[in-house]
Amino acid sequence: MTGGETEINKKFILTGATGFLGSHIMAGLLLKGKGVVILGRSSGGVILKDRIQKLLRWFGIEHLEGLLEIYETDFQKIKFGLGENEFEQLCNRSLPIIHCASDTSFNEKNRDRVIRSNVENLSEILDFAVKSHTKFFHLISSAYAAGTDRIECYEAPVISRHFNNAYEESKALAENTVSQRCNKEKLPYTIIRPSIVYGDSVTGRSLRFNALYYPVRSLLLIRDIYLTDIKDNNGKKSSEYGIHINKNGILNLPVRIFVPDEGKINLIPVNYFTEALFAILEKPSTETYYHITGNNPQTMANLVAYAERFLNITGIEVVIGNPSPDELRNPAEELFDYFIREYKPYIADRRIFSRRNMNRTFPDGLPPDLSYEIFERCMNYAVSADWGKNLFNN
Amino acid sequence: MCSGIFSLFSASYGTAADNFVDAEFVGHNGEVFRLNDKSSQNLFAFRKQDSEIPGICSSVYLRLHQIIPDEGAAFVPFGSLESALDFAKDCAVRRIGMAIGVLGGEYLSVFLSPTQNLAKKVKDTFRDKLKIEYIVLVIGDKYALQAIREMGFNYFDDRMIRILNLGLPSLTSAKWLDLINELSGDEPFSWLSLKHFPDLAEAALTPSPAQLVNDVDPELRRFFEKLYSRPQMTDTVWLNMFRIISARMGREKHVLAIIIYLPVDNKLITEINSEFKRIADSHNLKNDYGFITPLDDGKRCVFEYDYYIDHTGPEERERAQQALMEAGMMIEKYSAETGTVTWIRYIFGQGFSRKESFLFSTDQLDK
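Below is the structure:
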């Protein structure tokens, strides 16, 4: 045993540290002087240690590497594939666990993989939590685990039977698995449910460029296709669809975005996510669910206005309702719709997330509304990082 | 005629013996014989051994195959050889398509590009931006092409192939390609299913003969532009029908094609493919996968792997000879182990034999 009460207060076991949220949790803990025991795996031939070091450099906290312990693990293997002694020693430390590892695919084709990763893999880590008498088990879930049966979503166990995709369903199943097992074994636990997380609202920096970024990237792509046509082909194709550069030098790009109803998009910046999470970790209350969500979700129309300004385009129109099957759609509309197909449930979402527990735990902490300045900062960073391709050169 | 003869159409029309009615030969001693003479030598037979040709074929009567007016081509993209083989085999087993070939990036890019420089860029673009490692080319009638979509595969159709071919220079510099695969998420190549994608591709690539030949030497540009203005030059069916297999394959270096017949067995094929590569790499020779065409309803296939040499350099020639010798030994090893791998060197001279005779060895049974 390498620690006692002191270590329990100062160290966390973290899974998913190479992911978007996990890496920010890791960096935040290290900056608070907490030690982090990382359980993770190699990917694409790169060992876990190297993946973590790359992230530390991105956060500019290489000097804090000494606070890390890194274990290459496989949650599908007994005892994570660790040696007997190594596993026993880890158990004996009884450290609190933040389980953040997750498969975030929304595609139905990946259902089996998502369920295996988000639900079935839990059994081994819960066995570990029980064996180590963990001080606290924190599951990073999703606000969308609430499912689609109700508009009002409470900080309470999921009662929905219907979900938008396998990801939401897997998160609901995972919450249920964790609560049942922890209740049975009398282990303290929390369920933490963020909504859609984008980059840092202060610096604009981000490690992932999906969700909020996808519609903007899609419009950028479409804009560039038609700018090429206008430049190299006298706008031969563009003119067929009324696409042209107007007298103000702005590209008129008539694209109707069909959204099923007048819902909104619930967004929070990653720096708010970590602040709120650390408030929970300071004083966790067992069997408690926390919604780390925005108070003023954005409308799609608002985001479109931001995107038009950022991309120097005009003509994008948000249409409430589904297009009829024989609705004539231009190529740009078809392509845009295709790109954001998996995000459709989230760009017009009517679900409202109550924040009673969250407000009680973090009374002064409300997420900033997504202003154009924040939007522009985040998108400028995304462009400078070439949407992730030059991420580690910045 | 005596080499066995194969093409992508062998998937449905077989090899030489499947297609002739009769043939006349002048034998080694000047005697004239016909294959249909009951007293002539049995050229349908096959032995896995080097053989001399039976004579000079002086005339042949061939079967003809009907051309269907709605024939078209499909380039079905894949990220791995295994998935491409699975699809090609499935098509062959179900008898979908008349011509089927699993083509590698080198083969495809060289075939499409008018210059060596462009071919290299196209190959990189296919692999790095579009994530296409292999393409299964299927030529079939409209029902065959519909069946491919019903099987759940998206493909470049004739219009898209033409756009792609004439817009190649823009393709290599198109930044938007980086995004298209990523935004396709977990359904690679699903963008090909968009009804309007050809329209977008036309806007983005501005395809034209003039655009394609931008990279050609200025003094040849006019000629190439005129050449590519002919619709046949971007018509995959026509190009294959008349076996316009471009001399471009040997544009950079002389091609040594190593050809074997074997079962459509993914494990065996990927293993032999890796061995061909390992041997060539160890002798510092440029090398690449060529193509695979399924034969006999997908039970067997013909596999070409290519080594490239500068045949004017004695030192490189020597390395190539050594590599070929090692590749030959490797083939013989697999042939002995499996009984189902046959090197084309034994078919040369016995090309009139029934394909069943060299595709399905009875050696193992004899033992």
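Residue numbers (our numbering), protein chains in the order written: chain A, 414 to 807; chain B, -6 to 360. Built from N, CA and C at the ideal position, the CB exists for glycine as well.
The shortest C-alpha to C-alpha distance from Thr701 of chain A to any of A:Leu716, A:Ser631, A:Lys660 and A:Thr774 is the one to A:Thr774. The C-alpha of Lys348 of chain B is placed about 9 Å away from the C-alpha of Leu288 of chain B.
Around the CB of Leu278 of chain B, 16 or more other CB atoms lie within 10 Å, so the residue is classed as buried. For Gly72 of chain B, the closest of B:Trp336, B:Met153 and B:Pro181 by C-alpha to C-alpha distance is B:Pro181. Distance between Val615 of chain A and Ile733 of chain A, taken at the CA atoms: about 33 Å. DSSP places Gln711 of chain A within a strand segment (E or B) once states are collapsed to three. Taking a cut-off of 8 Å for Cβ pairs, the stretch 560 to 576 of chain A and the stretch 758 to 778 of chain A touch, as three or more such pairs fall below it. Following the DSSP letters along the chain, one finds Arg594 of chain A inside the alpha helix (DSSP H) bounded by residues Ala579 to Glu598. Under the Cβ criterion (8 Å, minimum of three pairs), the stretch 666 to 680 of chain A counts as touching the stretch 601 to 620 of chain A. At the C-beta level, Ile272 of chain B and Ala320 of chain B come within 8 Å of one another. Cα atoms of Thr165 of chain B and Val115 of chain B: separation of roughly 6 Å, rounded to the nearest angstrom. Using a Cβ-Cβ cut-off of 8 Å, Leu176 of chain B counts as an interface residue toward chain A, since at least one Cβ of chain A sits closer than that to its own.
Closer than 7 Å at the C-beta level to chain B, one finds these residues of the stretch 629 to 644 of chain A: Arg630, Ser631, Leu634, Asp637, Ile638, Tyr639, Thr641 and Asp642. With respect to the C-alpha of Tyr221 of chain B, the residue from B:Gly291, B:Val25, B:Leu161 and B:Leu55 having the closest C-alpha is B:Leu161. Note on Tyr282 of chain B: 16 or more other CB atoms within 10 angstroms of its CB, so buried under the neighbour-count rule. Within the stretch 751 to 774 of chain A, those residues whose Cβ lies closer than 8 Å to any Cβ of chain B are, in chain order, Tyr751, Phe752 and Glu755. In this structure, the alpha-carbon of Tyr100 of chain B lies about 25 Å from that of Ala197 of chain B. With a threshold of 16 other beta carbon atoms within 10 Å, Lys82 of chain B meets it and is buried. Cβ contact annotation for Leu261 of chain B (same chain, cutoff 8 Å, sequence separation greater than five): Leu255, Tyr327, Thr331 and Val334, in chain order.
Counting C-beta pairs closer than 8 Å gives three or more between the stretch 477 to 496 of chain A and the stretch 529 to 548 of chain A, which meets the contact rule. With respect to chain B, the C-beta atom of Tyr627 of chain A has a partner C-beta closer than 8 Å. Pro224 of chain B and Asn280 of chain B have their C-alpha atoms roughly 32 Å apart. Neighbours of Lys650 of chain A in chain B, taken as residues whose beta carbon is under 7 Å from its own, are Asp192, Glu195 and Ala196 in chain order. Check the Cα spacing between Arg454 of chain A and each of A:Tyr484, A:Glu747, A:Gly496 and A:Asp750: the tightest is with A:Tyr484.
Rounded to the nearest whole angstrom, the C-alpha separation of Trp169 of chain B and Tyr127 of chain B is 21 Å. Looking from the CA of Pro673 of chain A, the closest CA among A:Val731, A:Lys650 and A:His551 belongs to A:Val731.
With respect to Ser536 of chain A, Ser507 of chain A sits apart: the two C-beta atoms are not nearer than 8 Å. Listed along the chain, the chain A residues whose CB falls inside 9 Å of the CB of Lys188 of chain B are Arg742, Pro744 and Glu747.
For the stretch 12 to 66 of chain B, not one full-length alpha helix (DSSP H) segment reaches 4 residues or more.
In this chain, the alpha helix (DSSP H) harbouring Thr331 of chain B covers Pro307 to Thr331. Closest option to Ala194 of chain B, judged by alpha-carbon separation, among A:Ala745, A:Arg464, A:Leu468 and A:Pro781: A:Ala745. Taking the C-beta atoms as reference points, Phe622 of chain A is found no nearer than 8 Å to Ala514 of chain A. Taking the CA atoms as reference points, Thr199 of chain B sits about 31 Å from Met144 of chain B.
It is roughly 10 Å from the alpha-carbon of Ile726 of chain A to the alpha-carbon of Ala718 of chain A. Exclusion of the five residues before and after Ile705 of chain A leaves Pro607, Phe686 and Ala689 as the residues of its chain whose Cβ lies within less than 6 Å of its Cβ. When the beta-carbon positions are compared, Glu75 of chain B and Thr229 of chain B stay at least 8 Å from each other.
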